[in-house]
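Quick notes on the structure that follows.
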Amino acid sequence: MRKRVVLALAVLTWLPIQSKAADYIRETPAAPQDFSPRSVLSGQVAVIYGRSLWFGKRRTLVRLAGIDSCELPQWALDPKVTAAEPLAPLACGALAKAWLKRVVGSKVVSCSISAFDNPNEGTGICRVGSRDLALEMLRVGWAKLSAPFPSDQLYVEAQQNAIAARYGMWATYVLDMEEWRRRAIDKTLARTPQADLNLLSRRQSEISPPFADARRQPVWRDQ
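Residue numbers (mature numbering (1 follows the signal peptide of the UniProt record, and there is no 0)): -21 to -1, 1 to 202.
This is the structure:
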């Protein structure tokens, strides 16, 4: 069993990567085109992903500004080793959605839209009462900053604290979301954890602390 555990961890932690580790996405997405004046949407919503809300009455999708989260079919791997499952799969996309859904519930959400990709899709800062939903997702570790230099220092501090405490996805082996979107072929809900294990073993970047943690561990050697 010891050899199985060491082999599984070695696959993830010691294979060379093609670029340096990074806490943030290196490619900054193109700024969305502004289709209309700044506006505010308010009402009950359906949570689509860990960063997206659907205003049904307005037929408008709003993405939370400043953050990114696992895609719904995306898997992470829990590095906590057990006898039964050396690297247990963890549905990071589903868990991110579930947390945002828990925060929102049936409450009224208010979104200040900063820009529209098209008339029915926008990006903005969304709140339930005084709670900033993007900040909440960063605080619990189910989202990450989508840009290296956010304007809100509270966002930076929330992510730093979540990483230090290993909250949410920061306790797992998880592939950077932008890299996942580029490289994943099967993006359906039928996607298996093995597919993401394969991507992680050939990762081009690292965002989660357990990779570095594992490299600091002593190597088991049979005598």
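Using N, Cα and C, we set each Cβ at its ideal position, and we do this for glycine too.
Going by C-alpha distance, which of Asp155, Ile27, Arg38 and Asn177 is nearest residue 270?
Outside the displayed range of the chain (-21 to 202) lies residue 270, so it cannot be described from this structure.
Where do the ends of the alpha helix (DSSP H) carrying Trp159 lie?
Indexing the sequence shown from 1 puts residue 159 at position 180. First-last of the alpha helix (DSSP H) with Trp159: Met156 to Arg162.
Backbone CA spacing between Trp54 and Ser91 [nearest angstrom]
Taking the first residue of the sequence shown as 1, we reach residue 54 at position 75. Taking the first residue of the sequence shown as 1, we reach residue 91 at position 112. Looking at the two C-alpha atoms, the distance is approximately 31 Å.
Other residues of its chain near Val19: CB distance less than 6 Å, five sequence neighbours each side excluded
For this step, residue 19 is matched to residue 40 along the sequence shown. Answer for Val19: Ser91, listed in chain order.
From the DSSP output, read off the bridge partner residues of Gly103.
In the sequence shown, residue 103 corresponds to position 124, counting from 1. In the DSSP output, where bridge partners are listed per residue, Gly103 has Leu43 and Ile92.
Would Gly120 be called buried (16 or more neighbouring beta carbons within 10 Å of its own) or exposed?
Along the sequence shown, read from residue 1 onward, the residue named residue 120 stands at position 141. Counting the other CB atoms within 10 Å of its CB gives Gly120 a total of 16 or more, which places it among the buried residues.
Please classify Met168: is it buried, with 16 or more other beta-carbons within 10 angstroms of its beta-carbon, or exposed?
Numbered from its first residue, the sequence shown carries residue 168 at position 189. Note that residue 168 is Leu in the sequence shown, not Met. Burial call: exposed.
Taking Gly72 and Pro52 to be in contact with their CB atoms under 8 Å, please state how far apart those CB atoms are, rounded to whole angstroms.
One-based indexing of the sequence shown puts residue 72 at position 93. One-based indexing of the sequence shown puts residue 52 at position 73. Contact between Gly72 and Pro52 is confirmed by a C-beta separation of about 6 Å, below the 8 Å threshold.
Rounded to whole angstroms, how far is the Cβ of Val41 from the Cβ of Gly84, which I believe are closer than 8 Å?
Here residue 41 refers to the residue found at position 62 when the sequence shown is read from its first residue. Here residue 84 refers to the residue found at position 105 when the sequence shown is read from its first residue. With a Cβ gap of about 17 Å, Val41 and Gly84 do not count as contacting.
Once you ignore the five residues that flank Pro11 on each side, which residues in its own chain have a CB closer than 7 Å to its CB?
Here residue 11 refers to the residue found at position 32 of the sequence shown. Since pLDDT at Pro11 reaches only 49, below the 50 mark, its modelled position is unreliable, and no value is offered.
Look at the Cβ atom of Lys123, then the Cβ atom of Asp47, and state whether they are nearer than 8 Å.
Counting from one through the sequence shown, the residue named residue 123 turns up at place 144. Counting from one through the sequence shown, the residue named residue 47 turns up at place 68. Result yes, Cβ atoms of Lys123 and Asp47 sit closer than 8 Å.
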